[in-house]
Amino acid sequence: MAMRHQTMAKARNGFPRRPGRLRRFVWVVCLLFAALPAHAIDSRKTAVALAHQAAKAFEAGEMDRAAQAYLEAWHTDSSEPNYLYGAARAEQSAGQRERAEEHYRQFVAMANAEPARVGKAKTYLTEFAGMRSDEKVQAAERAEKRGEWRVATAAYSEAWRLREDRLALLLKTARAAKEDGDNKQAEASLRTYLARAPGNAPDRGEAQAMLDALAGKPVVVTPMEPAAAIDPLRAAPEAVPTVTEPAKPMSNRRIAGWWTLGSGAAIAVTGAALIVLGKSAEAQFNQDLGYDGTVVHGDLTYGQATSRAAWIGSLQTTGVTMLGVGVAVAGVGAALVLTSPESKVALVPDWHGFALAGRF
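If you're matching positions, the sequence shown starts at 2 in the numbering used here and goes up one per residue.
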């Protein structure tokens, strides 16, 4: 009986310190919190390095290699639109028109793209549309020579839809449609031409006469308001796309510092809560055990007392571990914030010696 009392007293006063699943889980969580900011920083730095390589290849005239490096940079850090723009420029210079057009369209659709480069990208897209329009016109002219007026009509119509500022293509569509006997298509093209062409257009009289002849009576088509020309001049040669460094208003080191500081504080608070819970459980255990130093007056069995003591000991050990780890992680985060480029920290004298002053 005396041995049983001694064992219970040992279980109450010296809780076993057994590492369990909870402690291993805490360490994994801590490692994950520490790894996430570092991974984001490494990805951004890798993208910047790839973009520098791409810029050098662009300057050396190695457009295929420049395009590939810019695309790798964009896939590594898709938050930077300039990488995609650089890839499109290199592809355009390398003669990869379809890929360049696809990437220009993606760039224009990005919300954080630079307005100046968006304008240039739209200019290049307009040029691409003009090239395809020219190809359609050439196909239509070949069809005309063969007397294939329906093919010519379709090709001219497609050429105009690619570049609706080229109103002369509407007249060619109307002529080809008339030769094919498609008066409905010819009339529709003439009406569109007269509605969009300015009043002093040199071919306006011919178009009006053709429409009157098709309709069998004079037709009045009110011109629309003149629209701004959308056929821009070819852009001047552009310098190598610049590489955007990590944003200075909020450095990666500062972001990582705040993230780590917050994570450490959360872990420390959780550890403190576990310690408080363990102390409360210990007080309840002592009350249920009823041990007065010599005899156990409670109704707990030896197995129950040992199990509860082990659980309380594990709870308190885990709480102390989390508290220590949380304080350490928060300390690392605070150090990162203090040493970030934006922080202004200095030692200033006060009545008791020196104090740490700063802006965060």
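Glycine included, each C-beta is placed from N, C-alpha and C at the ideal position.
A residue is called buried when at least 16 other Cβ atoms come within 10 angstroms of its Cβ; P203 does not meet this threshold and is exposed. By the Cβ rule, the region 177-193 counts as touching the region 149-161, because three or more pairs are nearer than 8 Å. Ranking K146, T127, M111, G148 by CA distance to the CA of R162 puts T127 first.
DSSP places K218 in the coil class of the three-state scheme, outside both helix and strand. If you ignore the 5 residues before and after L191, its C-beta comes within less than 6 Å of the C-beta of A175, A208, M211, L212, all in its own chain and listed in chain order. Y71 is positioned such that its CB atom lies no closer than 7 Å to that of A50.
Nearest to N83 by C-alpha distance, out of H104, R100, A177, is H104. Where P82 is concerned, the enclosing alpha helix (DSSP H) starts and stops at 82-94.
In the assembly as shown, A101 is a buried residue. Its beta-carbon has 16 or more other beta-carbons within 10 Å. For the set G327, W260, Q139, the Cα lying nearest the Cα of A274 is the one of G327. In the structure shown, the three-state DSSP call for R118 is helix.
Take the alpha-carbon of Q285 and the one of Q317: they are about 14 Å apart. The DSSP-derived three-state label of A50 is helix. Just measuring C-alpha positions, the residue of G120, A74, A310, E81 sitting nearest D289 is A310. DSSP, read as helix, strand or coil, puts S264 in helix. Note that the C-beta distance between S264 and V330 is below 7 Å.
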